[in-house]
Amino acid sequence: SQTIHQWPATLVQPVGSPLSLECTVEGTSNPNLYWYRQAAGRGLQLLFYSVGIGQISSEVPQNLSASRPQDRQFILSSKKLLLSDSGFYLCACTTGANYEQYFGPGTRLTVT
Amino acid sequence: DAKTTQPTSMDCAEGRAANLPCNHSTISGNEYVYWYRQIHSQGPQYIIHGLKNNETNEMASLIITEDRKSSTLILPHATLRDTAVYYCIVRSPNTGNQFYFGTGTSLTVIP
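Protein chains in written order, with our numbering: chain A, 1 to 112; chain B, 1 to 111.
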């Protein structure tokens, strides 16, 4: 079965600094990959999804971007963080006929 | 945008069945209903999914109404570890199979 790795687990960054969060997937190939954000006490917000290398769809216009340089690698980036970027960032993948989503452990980002 | 409606919170006594409702009145004929749960500070965990028929696995049962406009997730014997936020999601089969999570139902299992 697939395993999703995310790092770092926690991150504290000042406003205006850059961001790079990495997600890698093991145990499967050609997965659909997703980035979600969860603000404190809120539901999950879909940010980006990717159906293949170099293919990124954005759900919410903002100062974040995503890239998929390899089949099982998904990166979330920002050039300049805002306070509102604080939250719990989750990477997920879907694979197989039933397309259930599997989630990574998440990265808790605090922008100060 | 999420296409489901769930109660904000529910309580359930330990050992009793927890019945979590979900309304998805605009569901299309080829869309599946998925249930996930999220324990505090963890990533969501897949529970079960279905299209038309009722489904059961080791975690839960999913009852879908005949018109498919609503469903109920049943945890047959709730334990304290079942305390979590439960999300009901309708999956779009088009363009990347996006999953849209709403705010879910916060279930508290009471000793």
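Each residue gets a CB set at the ideal place from its N, CA and C atoms; glycine is no exception.
With respect to the C-alpha of G29/B, the residue from D11/B, K52/B and M10/B having the closest C-alpha is K52/B. The C-alpha of L76/A is placed about 11 Å away from the C-alpha of Q6/A.
For V85/B, the closest of T103/B, P111/B and K69/B by C-alpha to C-alpha distance is T103/B. The segment 70-86 of chain A and the segment 4-20 of chain A touch, with no fewer than 3 CB-CB distances between them shorter than 8 Å.
Not a single C-beta of chain B is nearer than 8 Å to the C-beta of P8/A. Along the segment 49-65 of chain A, going in chain order, the ones with a CB nearer than 9 Å to a CB of chain B are Y49, S50, V51, Q55, S57 and E59. Taken in chain order, the members of the segment 76-109 of chain A whose beta-carbon sits within less than 9 Å of a beta-carbon on chain B are F88, L90, C91, A92, T94, N98, Y99, E100, Q101, Y102, F103, G104, P105, G106 and R108. With a threshold of 16 other beta carbon atoms within 10 Å, L80/B falls short and is exposed.
Following the DSSP letters along the chain, one finds Y102/A inside the beta strand (DSSP E) bounded by residues Q101 to F103. Distances from the alpha-carbon of Q6/B to those of Q98/B, V109/B, I110/B and C88/B put C88/B closest.
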